[in-house]
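Residue numbers (this note's numbering), protein chains in the order written: chain A, 84 to 446; chain B, 16 to 107.
First comes the structure, then the notes that go with it.
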Amino acid sequence: MKFLSEYRNPELVEQYLNEIKKTVTRPWTIMEVCGGQTHSLVKNGLLNLLPKEVQMVHGPGCPVCVTPINLIDKAVYLAEEKGVILCSFGDMIRVPGSKRSLLESKARGADVRILYSPLEAVKLAQQNPDKEVVFFAVGFETTAPANALSVVQAKRLGLTNYSILASHVLVPPAIEAVMNDKTAPIQAFLAAGHVCAIMGIGQYYQLVDEYDIPIVVTGFEPLDLLQGILMTVKQLEAGKANLENQYSRIVKPEGNPEAIKVIEEVFEVTDREWRGIGTIPMSGWEVKSELSAFDANKKFSVDIVKVPECADCIAGLVLKGIKKPFECSQFGKNCTPEKPLGAPMVSSEGACAAYFHYAEYAA
Amino acid sequence: MCLAIPGKIQSIDYQYDGLVKVAKVLFGGIVKEASLDMVPHAVVGDYVLVHVGVALTVVDEEEAQKTFSYLSEIGELDELVESCQIDAPTPN
Ligand code: SF4
Numbered sequence: 084m085k086f087l088s089e090y091r092n093p094e095l096v097e098q099y100l101n102e103i104k105k106t107v108t109r110p111w112t113i114m115e116v117c118g119g120q121t122h123s124l125v126k127n128g129l130l131n132l133l134p135k136e137v138q139m140v141h142g143p144g145c146p147v148c149v150t151p152i153n154l155i156d157k158a159v160y161l162a163e164e165k166g167v168i169l170c171s172f173g174d175m176i177r178v179p180g181s182k183r184s185l186l187e188s189k190a191r192g193a194d195v196r197i198l199y200s201p202l203e204a205v206k207l208a209q210q211n212p213d214k215e216v217v218f219f220a221v222g223f224e225t226t227a228p229a230n231a232l233s234v235v236q237a238k239r240l241g242l243t244n245y246s247i248l249a250s251h252v253l254v255p256p257a258i259e260a261v262m263n264d265k266t267a268p269i270q271a272f273l274a275a276g277h278v279c280a281i282m283g284i285g286q287y288y289q290l291v292d293e294y295d296i297p298i299v300v301t302g303f304e305p306l307d308l309l310q311g312i313l314m315t316v317k318q319l320e321a322g323k324a325n326l327e328n329q330y331s332r333i334v335k336p337e338g339n340p341e342a343i344k345v346i347e348e349v350f351e352v353t354d355r356e357w358r359g360i361g362t363i364p365m366s367g368w369e370v371k372s373e374l375s376a377f378d379a380n381k382k383f384s385v386d387i388v389k390v391p392e393c394a395d396c397i398a399g400l401v402l403k404g405i406k407k408p409f410e411c412s413q414f415g416k417n418c419t420p421e422k423p424l425g426a427p428m429v430s431s432e433g434a435c436a437a438y439f440h441y442a443e444y445a446a
Numbered sequence: 016m017c018l019a020i021p022g023k024i025q026s027i028d029y030q031y032d033g034l035v036k037v038a039k040v041l042f043g044g045i046v047k048e049a050s051l052d053m054v055p056h057a058v059v060g061d062y063v064l065v066h067v068g069v070a071l072t073v074v075d076e077e078e079a080q081k082t083f084s085y086l087s088e089i090g091e092l093d094e095l096v097e098s099c100q101i102d103a104p105t106p107n
């Protein structure tokens with residue numbers, strides 16, 4: 084496939100690896116923020132091919148993983164209400180809440196549907212005027228245009244039976260939260276290319292300056308990741324801290340103005356709780372108050388008791404890059420993708436699940 | 016879940032009485048629908064990056080080559096630096 088398979092060329096992978104080996108003289112710890120990048124690094128076996136000086140740690144960038152347990156409980160509660168069709172992305176449906184996952188609700192008779200796109204949920208609302216369609220809208224900046232667009236479309240179509248349960252998180256505040264935790268060992272970041280494709284790269288200049296760390300906006304294919312790592316290591320070795328863009332075929336410095344417009348039309352910034360990390364100020368989006376008719380949080384009153392996380396799960400430390408998944412006492416024992424104790428084991432982009440699936444590469 | 020992949024626009028239609036611009040996008044052998052609301056200038060034949068049913072950007076074909084030329088460029092740069100070092104006059 085054009086613009087995909089050529090970025091997996093084994094000869095160039097080899098050349099990039101050699102160049103990284105040639106460049107590196109000291110140990111460095113680099114965090115890739117995005118779960119998609121974690122998945123690609125592990126799946127393609129790159130972690131084992133990198134020189135041992137280059138330690139990649141895996142960041143909090145899996146929106147499914149950081150969605151708080153009480154929001155999942157909320158979604159489960161709504162799904163089990165009469166006349167509700169609860170839809171979301173496949174990964175989200177499997178995440179365990181305190182009592183059960185949405186998938187288990189479905190098995191008990193709730194109308195829970197896995198959709199590829201929130202725009203399909205709008206169609207579903209149009210086709211089922213006697214039902215309430217709720218889309219559990221999780222995601223980073225990458226997914227926000229689609230979720231926002233679903234609200235804009237529903238409004239234009241005059242639908243009164245469509246709403247979203249938004250659990251939107253933002254990358255730059257997460258980078259700040261990681262850097263503000265003095266025990267996190269991070270010396271540089273690969274920023275998530277698709278997030279920057281939407282928002283642009285402007286916000287990252289401030290982080291580079293404030294924390295004096297290199298940040299390289301990076302894509303997802305093996306060559307993208309290796310080029311991003313090489314650019315990062317070159318900066319680290321030279322004692323530089325700059326913002327660079329490896330992924331210029333997709334990321335324009337200004338982002339996508341149309342997408343930003345629709346996001347700003349629907350969402351406003353809010354404090355957000357991150358599963359395993361806690362509340363990070365101004366780190367998420369919620370539906371604007373003037374659109375509260377489309378906000379499931381406002382439209383339905385949900386009465387659930389807040390429950391604590393599983394005490395054995397060290398997801399918070401994993402998400403900040405302080406511990407690797409296999410350092411968790413439950414990893415692969417009581418916690419597997421079939422029976423996850425914490426969210427990073429559920430989503431294929433969660434660090435724990437990535438390591439579990441590709442354990443042979445991750446030693 | 017942030018997976019976004021590039022595909023080629025095959026055709027462009029309007030849905031909901033012209034309210035929404037939608038493309039048929041070819042990914043390898045699979046054709047899927049994607050909204051073009053975020054990339055209003057995209058035309059048939061463009062490669063767009065699609066995520067959860069929405070095209071997010073048009074792939075910049077020129078920039079796409081950079082990953083392949085980067086290594087030889089830094090190679091040449093290194094040589095240039097080395098040759099400059101050799102040619103530099105030795106201070107007395
Ligand atoms: S292996 Fe399971 S229990 Fe341990 S941190 Fe990961 S999700 Fe939590």
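Even glycine gets a Cβ: it sits at the ideal position worked out from N, Cα and C.
Sequence-distant partners of Cys-418/A (beyond 5 residues in either direction) whose C-beta falls short of 6 Å from its own C-beta, in its chain, are Leu-424 and Met-428.
Considering only Glu-89/A, Arg-109/A and Ile-113/A, the residue with the shortest C-alpha distance to Gly-311/A is Ile-113/A. Residues of chain A whose Cβ lies closer than 7 Å to the Cβ of Ser-50/B are, in chain order, Leu-202 and Leu-232. Contact of Pro-228/A with chain B is assigned, a C-beta pair being separated by under 8 Å. Taking 7 Å as the cut-off, one finds at least one heavy atom of ligand 1 near enough to the beta carbon of Cys-396/A.
For Pro-427/A, the distance from the CB to the nearest heavy atom of ligand 1 is below 7 Å. Between Asn-339/A and Ala-376/A, the C-beta gap is not smaller than 8 Å, which leaves the two residues out of contact. Residues of chain A with a Cβ closer than 7 Å to the Cβ of Ile-20/B are, in chain order, Leu-87. Closest in alpha carbon position to Ile-27/B, among Leu-71/B, Ala-19/B, Ile-45/B and Ala-57/B, is Ala-57/B. Burial check for Asn-325/A: the Cβ neighbour count within 10 Å stays below 16, so the residue is exposed. Around the CB of Met-314/A, 16 or more other CB atoms lie within 10 Å, so the residue is classed as buried. Listed along chain B, the residues sitting closer than 8 Å to Glu-102/A by beta-carbon distance are Leu-86 and Ile-89. For the pair of segments examined, the region 122–137 of chain A was found to touch the region 431–443 of chain A: the number of CB pairs separated by less than 8 Å reaches three.
Within chain A, the C-beta atoms nearer than 7 Å to that of Lys-81/B come from Ser-331, in chain order. Among the CB atoms of chain B, one or more fall inside 8 Å of the CB of Asn-339/A. Between Leu-232/A and Val-63/B, the CB-CB gap reaches or exceeds 8 Å. The beta-bridge partner set that DSSP reports for Pro-340/A is empty. Proximity of Ala-274/A to chain B, defined by a Cβ-Cβ separation below 8 Å, is not satisfied. Rounded to the nearest angstrom, the Cβ distance from Cys-148/A to Ser-430/A is 6 Å, consistent with a contact under 8 Å. By the neighbour-count criterion, in which 16 or more other beta carbons inside 10 Å mark a residue as buried, Arg-358/A falls on the buried side.
The C-alpha of Ala-426/A lies about 20 Å from the C-alpha of Met-139/A. Between Leu-290/A and Pro-268/A, the gap from beta carbon to beta carbon reaches 8 Å or more. Taking all protein chains shown into account, Ile-152/A has 16 or more neighbouring C-beta atoms within 10 Å of its C-beta and is therefore buried. Phe-409/A sits exposed, since fewer than 16 C-beta atoms from the chains shown fall within 10 Å of its C-beta.
Ranking Asp-292/A, Glu-341/A and Ala-274/A by CA distance to the CA of Thr-301/A puts Ala-274/A first. Your pair Lys-214/A and Asn-244/A checks out as a contact, with CB atoms roughly 6 Å apart and the cut at 8 Å. Here DSSP, grouped into helix, strand and coil, assigns Thr-225/A to coil. Residue-level contact check: Gly-68/B touches chain A, since one or more beta carbons of chain A fall below 8 Å from its beta carbon. Annotation: Tyr-441/A has no Cβ neighbours in chain B at a cutoff of 9 Å; minimum Cβ distance is about 17 Å. Distances from the CB of Cys-435/A to the heavy atoms of ligand 1 include at least one below 7 Å. Per DSSP, the unbroken alpha helix (DSSP H) holding Asn-101/A starts and ends at 93–106. With contacts defined as CB atoms closer than 8 Å, Phe-350/A and Leu-161/A fail to qualify as a contacting pair. Fully contained in the region 265–297 of chain A are the following alpha helix (DSSP H) runs of length 4 or more, in chain order: 276–282 and 285–294.
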